[in-house]
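The listed protein sequences correspond, in order, to chains A and B. Using the numbering used here, you'd call the opening residue of the first sequence number 150 and step up by one each time. Using the numbering used here, you'd call the opening residue of the second sequence number -16 and step up by one each time. Virtual Cβ for every residue (Gly too), placed ideally from N, Cα, C. What you are looking at is a predicted structure, and each value in this text was computed from that prediction instead of being measured. Notes for the one structure printed next.
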Amino acid sequence: MNQVQWLRSENFQRMLWPLMALVGILLFNLFFTPGFFHIEIKDGRFFGSLVDIANRAAPVMLLAIGMTLVFATGGVDLSVGAVMAISGAIAATVIRPDYVKGVLEYGEVQSLFLVLSIPLFFSLLAGLWNGLLVAVIGIQPIIATLILMVAGRGIAQLITQGQIVVFIHEPFQYIGSGFLFGLPFPIILVLLTFTVTYLLTRRTGLGLFIEAIGANSVASRFMGIRERLITLSVYIFSGFCAGLAGLIVCADIKAADANNAGLFLELDAIAAVIIGGTMWGGRFTIFGSIVGTLIIQSLTTTILTRGVAPEVTLVFKAFVIILVALIQSEKFRRLFSGRMARKKVPAS
Amino acid sequence: MKLRLNQKNIPLLATIAVFLLIYLAGSVLYSNFFSLRVFVNLFIDNAFVGVIAIGMTFVIISGGIDLSVGSVVAFIGVLAAKMMHDFGVHPLLAFSICLGLGAMFGMIMGSLIHFFELPPFLVTLVGMFLARGLAFLVSLNAIPIKHPAVNAIIDFGIPLGFRAWLPATAMIFIAVTLVGIYLQHFTRFGRNTYAIGSSEQSAILMGLPVGRTKILVYTFNGLLSALAGVVYSLYTSSGYPLACVGLELDVIAAVVIGGTLLSGGSGYVAGTLIGVLILGLIQTFITFQGTLSSWWTKIVIGVLLFIFILLQRYLSKAGAGK
């Protein structure tokens, strides 16, 4: 594919708006926030606002990667925040099994493998539960995942007995606050997950299958796509991403907080996916979702450096999301290109 | 089979059965559970949940969803408190402004959903962000509500005997339920919501005012969310920007447990009333039990939600198989 074709390709067109929004925010900071693009190297590690934005956005990026695939199949996973809380709670409990009973001693030091694999196993299980409800029983995705969203936080609180389990576990903390090749480890994890997912979906037929299911699940079944299996695995993958994100947050703050870990992050992830240009049931772009997450996070950081109360960022987020959604709405675009005369009967 | 049950009524009957079962279990296990006072308290403690659940029933029957309700309650509560406490606005004026704002908020969301064909959950998700952010913009802290007129409203009530007391907030809940039942079964608006929820395409072809009804449904729900905000601020005598986080899920759970199909087109306001009472009953049960922690409420609600959705799924499959 030569250069011109690439510029005209559908994928690039889809990415144009989100990328312009991100560049716009960064340009604003270039002029109005001194030292925003300054990156210094200390002890072989990169420091600066840009690295900080990427690092802070890492958990949501992971959620967004999983959510993108779920979105493409025409579903949504509301339970990711609760799964994050469950995964963190389990990790902390593995490290300090008797903390909730009031025993402050650690007992024997758990191996990193156990601390990581047990929470991830249960995250996969949570994803499997969602997937079974959606793909096998056939419940609408919003509602199927709503169940785990409500009950999941309760389960996480049950595991920690409503307490905040604090811990010290050097190898595990590395997941949240370590550095590799000069970059914070969460960013490396995101890059790894992104690369693997990209290769799996775009260098094999899997991505097309997922899009086919989202566009028309019945037709895709008649085409011979194993629609149930793929839908199931997409939810399992989303659960895995959420579990990983939960581990990062838990390792970063060195505590499991069942009440607040991952609270509202499902909304950020959904917003990122929509801003990134993934359709609800149809074409998806994982790179777009990453850009979407970066837009949200850099917007938040920008507002914070302006000295506005952090809670008010919600208002800005709301306006950005609705604006992007409107731009993607065909009817809204037609309103401005002045072709309202040709009235369309809504499809489906 | 001599006794023929209408398919659509089975979820409602199951709801009533669950309500009676929990109520019976509580009455047998704990003394004083079976008393008028505990029963009336269900209406008092869940008045704000119930008021929104009535509006949400219409939204879900029309095939939509509204995730913004919890944030709207917080926003309206904190705005009303700010107006009264800092600017000395008379409560009745403040509450009227709030109700107007709530209706407008719902109307804007409904218009976005209808005119630009955006998915309802996306638009109302944005509404959720916006209302919460606006609540923080009004105040970051809780604001007390102290006003003679407000106290008069709070103190107003009807004694029912047996040490039970029906306050104004519970009366609002009951009045809204009655209005909801009237709108649903005796007006064109009610029938149109059923038609749109069953099949929007058919409703358009039948010449029903689909756009107007959709926008009205969201306007009505916005108005009721604001009313719930007023009820909540009366209930707590304050406005707090972090109030009612996650309320939308409780409300949706109440509507679903009340027998409304999430795919739209089927459900009753009366069922929602029982759904709300079941949620309240679970909380009362856990309070009476004493040793169970509050997070069990969430797990039990999740499990109940699961069972009811499974039941609905089974019924709709059985219906389609005929």
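Practice task
Assuming Ile155 (chain B) contacts Val34 (chain B) (C-beta within less than 8 Å), just tell me the rounded distance between them.
Solution key: Position 172 of the second sequence holds residue 155 (chain B). Position 51 of the second sequence holds residue 34 (chain B). That belief holds up - the Cβ atoms of Ile155 (chain B) and Val34 (chain B) are roughly 7 Å apart, short of 8 Å.
Exercise for the section: Mind the definition here: the region 213 to 229 of chain A touches the region 287 to 297 of chain A only if three or more C-beta pairs lie below 8 Å; say whether that holds. Expected result: With the cut-off at 8 Å, the region 213 to 229 of chain A and the region 287 to 297 of chain A touch.
Handout entry: Test: Met39 (chain B) CB closer than 9 Å to a CB of chain A
Key = On the second sequence, residue 39 (chain B) is found 56 positions in, with the first residue counted as 1. No - not a single Cβ of chain A is within 9 Å of the one on Met39 (chain B).
Problem - Contact set between Val258 (chain A) and chain B, taken where Cβ atoms lie within less than 8 Å - result: Mapped onto the first sequence, residue 258 (chain A) falls at position 109. Residues of chain B with a Cβ closer than 8 Å to the Cβ of Val258 (chain A) do not exist; the shortest Cβ-Cβ separation is about 29 Å.
Handout entry: Span of the alpha helix (DSSP H) around Lys197 (chain B)
Key = What you label residue 197 (chain B) is simply residue 214 of the second sequence in a count that begins at 1. Segment 193 to 219, the alpha helix (DSSP H) holding Lys197 (chain B).
Problem - Collapsed DSSP secondary structure at Pro127 (chain B) in the structure displayed - result: Against the second sequence, residue 127 (chain B) aligns to sequence position 144. Correct three-state label for Pro127 (chain B): strand.
Practice task
Please list the partners that Trp166 (chain A) has in chain B, where partner means a Cβ-to-Cβ separation under 9 Å.
Solution key: Looking up residue 166 (chain A) in the first sequence gives position 17. Chain B residues near Trp166 (chain A): none, gap ~16 Å exceeds 9 Å.
Practice task
Answer yes if the region 21 to 39 of chain B comes into contact with the region 180 to 188 of chain B, meaning at least three C-beta pairs across the two stretches below 8 Å, and no otherwise.
Solution key: Touching, no.
Problem - Selection from B:Ala178, B:Gly71, B:Ile290, B:Val228 that minimises the alpha carbon distance to Ile43 (chain B) - result: For this step, residue 43 (chain B) is matched to residue 60 along the second sequence. Of B:Ala178, B:Gly71, B:Ile290, B:Val228, the residue nearest in Cα terms is B:Ala178.
Exercise for the section: Please confirm whether Phe185 (chain A) and Leu199 (chain A) have their CB atoms less than 9 Å apart. Expected result: Taking the first sequence and counting its residues from 1, the one referred to as residue 185 (chain A) is at position 36. Taking the first sequence and counting its residues from 1, the one referred to as residue 199 (chain A) is at position 50. Taking 9 Å as the Cβ cut-off, Phe185 (chain A) and Leu199 (chain A) qualify as a contacting pair.
Practice task
Measure from the C-beta of Lys466 (chain A) to each C-beta in chain B and report whether the shortest distance is under 9 Å.
Solution key: Here the question's residue 466 (chain A) lines up with position 317 in the first sequence. Closer than 9 Å to some Cβ of chain B, the Cβ of Lys466 (chain A) qualifies, so yes.
Exercise for the section: Please confirm if Arg115 (chain B) has its CB atom under 9 Å from at least one CB of chain A. Expected result: Your numbering for residue 115 (chain B) matches position 132 in the second sequence. For Arg115 (chain B), the answer is yes, since a Cβ of chain A falls inside 9 Å of its Cβ.
Handout entry: Where Val23 (chain B) sits in the DSSP three-state scheme
Key = Here residue 23 (chain B) refers to the residue found at position 40 of the second sequence. DSSP places Val23 (chain B) in helix when its eight states are reduced to three.
Problem - Cutoff 9 Å: Met150 (chain A) Cβ touching any chain B Cβ - result: Residue numbering aside, residue 150 (chain A) sits at position 1 when the first sequence is read from its first letter. Residue placement at Met150 (chain A) is poorly supported in this model, since its pLDDT is 46, which falls under 50; the coordinates still yield a value, given next. No, Met150 (chain A) does not count as interfacial toward chain B.
Exercise for the section: Following the continuous beta strand (DSSP E) through Trp148 (chain B), name the residue where it begins and the one where it ends. Expected result: The count along the second sequence starts at 1 and reaches residue 148 (chain B) at position 165. For Trp148 (chain B), the enclosing beta strand (DSSP E) has its first and last residue at 147 to 150.
Practice task
Could you name the residues of the same chain whose beta carbon sits closer than 8 Å to that of Phe99 (chain B), not counting the 5 residues immediately before and after it, in chain order?
Solution key: If you number the second sequence from 1, residue 99 (chain B) lands on position 116. When the five nearest sequence neighbours on each side are left out, no beta carbon in the same chain lies closer than 8 Å to the beta carbon of Phe99 (chain B).
Exercise for the section: Look at the alpha carbon of Gly46 (chain B) and the alpha carbon of Gly430 (chain A), and state the distance between them as a whole number of angstroms. Expected result: The sequence position of residue 46 (chain B) within the second sequence is 63, counting from 1. The sequence position of residue 430 (chain A) within the first sequence is 281, counting from 1. Each residue's Cα considered, the two are about 18 Å apart.
Exercise for the section: Kindly indicate which three-state DSSP category Gly237 (chain A) falls into: helix, strand or coil? Expected result: Position 88 of the first sequence, counted from the start, is the residue given in the question as residue 237 (chain A). Reduced to three states, the DSSP call for Gly237 (chain A) is helix.
Practice task
Using a Cβ cut-off of 9 Å (strictly closer), state whether Gln289 (chain A) contacts chain B.
Solution key: Translated into the one-based positions of the first sequence, residue 289 (chain A) becomes position 140. Interface residue, yes.
Practice task
Find out if the Cβ-Cβ distance for the pair Ile439 (chain A), Ala170 (chain A) is shorter than 9 Å.
Solution key: Translated into positions along the first sequence, residue 439 (chain A) becomes position 290. Translated into positions along the first sequence, residue 170 (chain A) becomes position 21. In this structure, Ala170 (chain A) does not lie closer than 9 Å to Ile439 (chain A) by Cβ.
Exercise for the section: Establish whether the CB of Thr462 (chain A) and some CB of chain B are separated by less than 9 Å. Expected result: The residue labelled residue 462 (chain A) in the question sits at position 313 within the first sequence. So, interface residue.
Handout entry: Under 7 Å from the C-beta of Ala236 (chain B): neighbouring residues of chain A
Key = As a position in the second sequence, residue 236 (chain B) is number 253, starting the count at 1. Here the neighbours are Val299.
Exercise for the section: Let me know if Val11 (chain B) comes out buried or exposed under the rule of 16 or more other beta-carbons within 10 Å of its beta-carbon. Expected result: Residue 11 (chain B) sits at position 28 when you count from the first residue of the second sequence. Looking at its Cβ environment, which holds fewer than 16 other Cβ atoms inside 10 Å, Val11 (chain B) is exposed.
Handout entry: C-alpha distance - Ala361 (chain A) paired with Tyr347 (chain A), whole-angstrom precision
Key = For this step, residue 361 (chain A) is matched to residue 212 along the first sequence. For this step, residue 347 (chain A) is matched to residue 198 along the first sequence. Annotation: Ala361 (chain A) to Tyr347 (chain A) spans about 17 Å, alpha carbon to alpha carbon.
Handout entry: Residue of B:Leu232, B:Pro150, B:Val52 minimising C-alpha distance to Val23 (chain B)
Key = In the second sequence, counting from the first residue as 1, residue 23 (chain B) sits at position 40. Val23 (chain B) has its Cα closest to that of B:Pro150, out of B:Leu232, B:Pro150, B:Val52.
Handout entry: Residue closest to Leu349 (chain A), alpha-carbon to alpha-carbon, out of A:Glu189, A:Val422, A:Ala241, A:Val383
Key = Residue 349 (chain A) sits at position 200 when you count from the first residue of the first sequence. Of the candidates A:Glu189, A:Val422, A:Ala241, A:Val383, A:Val383 places its Cα closest to the Cα of Leu349 (chain A).
Practice task
Compare the Cα-Cα distances from Ala221 (chain A) to each of A:Trp278, A:Ala400, A:Ala240, A:Glu376 and report the closest residue.
Solution key: Along the first sequence, read from residue 1 onward, the residue named residue 221 (chain A) stands at position 72. Proximity to Ala221 (chain A) across A:Trp278, A:Ala400, A:Ala240, A:Glu376 peaks at A:Glu376, based on C-alpha coordinates.
Practice task
Pair every Cβ in the region 256 to 272 of chain B with every Cβ in the region 74 to 86 of chain B, then say whether three or more of these pairs are closer than 8 Å.
Solution key: No contact exists between the region 256 to 272 of chain B and the region 74 to 86 of chain B.
Practice task
Could you tell me which residues DSSP puts in a beta bridge with Ala30 (chain B)?
Solution key: Here residue 30 (chain B) is taken as the residue at index 47 of the second sequence, counted from 1. None, per the DSSP bridge assignment.
Practice task
Within 10 angstroms of the Cβ of Pro268 (chain A), are there 16 or more other Cβ atoms? Answer buried if so, exposed if not.
Solution key: Reading the first sequence from its first residue, position 119 is the one you call residue 268 (chain A). Taking a 10 Å sphere around the C-beta of Pro268 (chain A), we find 16 or more other C-beta atoms and assign the residue as buried.
Practice task
Starting from Val314 (chain A), follow its DSSP beta bridges and name the residues at the other end.
Solution key: For the purposes of this step, residue 314 (chain A) is identified with residue 165 of the first sequence, where counting begins at 1. Under DSSP, the beta-bridge partners assigned to Val314 (chain A) are A:Ala405.
Exercise for the section: Let me know if Leu293 (chain B) comes out buried or exposed under the rule of 16 or more other beta-carbons within 10 Å of its beta-carbon. Expected result: The residue given as residue 293 (chain B) occupies position 310 in the second sequence. Under this definition Leu293 (chain B) is an exposed residue.
Practice task
Can you have a look at Arg296 (chain B) and say buried or exposed, based on whether 16 or more other CB atoms are within 10 angstroms of its CB?
Solution key: Translated into the one-based positions of the second sequence, residue 296 (chain B) becomes position 313. Burial is judged here by how many other beta carbons sit within 10 angstroms of a residue's own beta carbon; Arg296 (chain B) has at least 16 and is buried.
Problem - Separation of Leu75 (chain B) from Ser220 (chain B), as counted between CA atoms - result: Within the second sequence, the letter at position 237 stands for residue 220 (chain B). Within the second sequence, the letter at position 92 stands for residue 75 (chain B). If I take the Cα positions, the gap works out to 15 Å.
Exercise for the section: Label Phe291 (chain B) either buried or exposed according to how many other C-beta atoms from any shown protein chain fall within 10 Å of its C-beta, with 16 as the threshold for buried. Expected result: To locate residue 291 (chain B), count along the second sequence from 1; it is residue 308. Counting Cβ neighbours within 10 Å, Phe291 (chain B) comes out buried, since at least 16 surround it.
Problem - In chain order, each alpha helix (DSSP H) run of at least 4 residues that lies wholly inside the region 286 to 352 of chain A - result: DSSP assignment within the region 286 to 352 of chain A yields the following whole alpha helix (DSSP H) runs of 4 residues or more, N-terminal first: 290 to 309, 319 to 326, 334 to 351.
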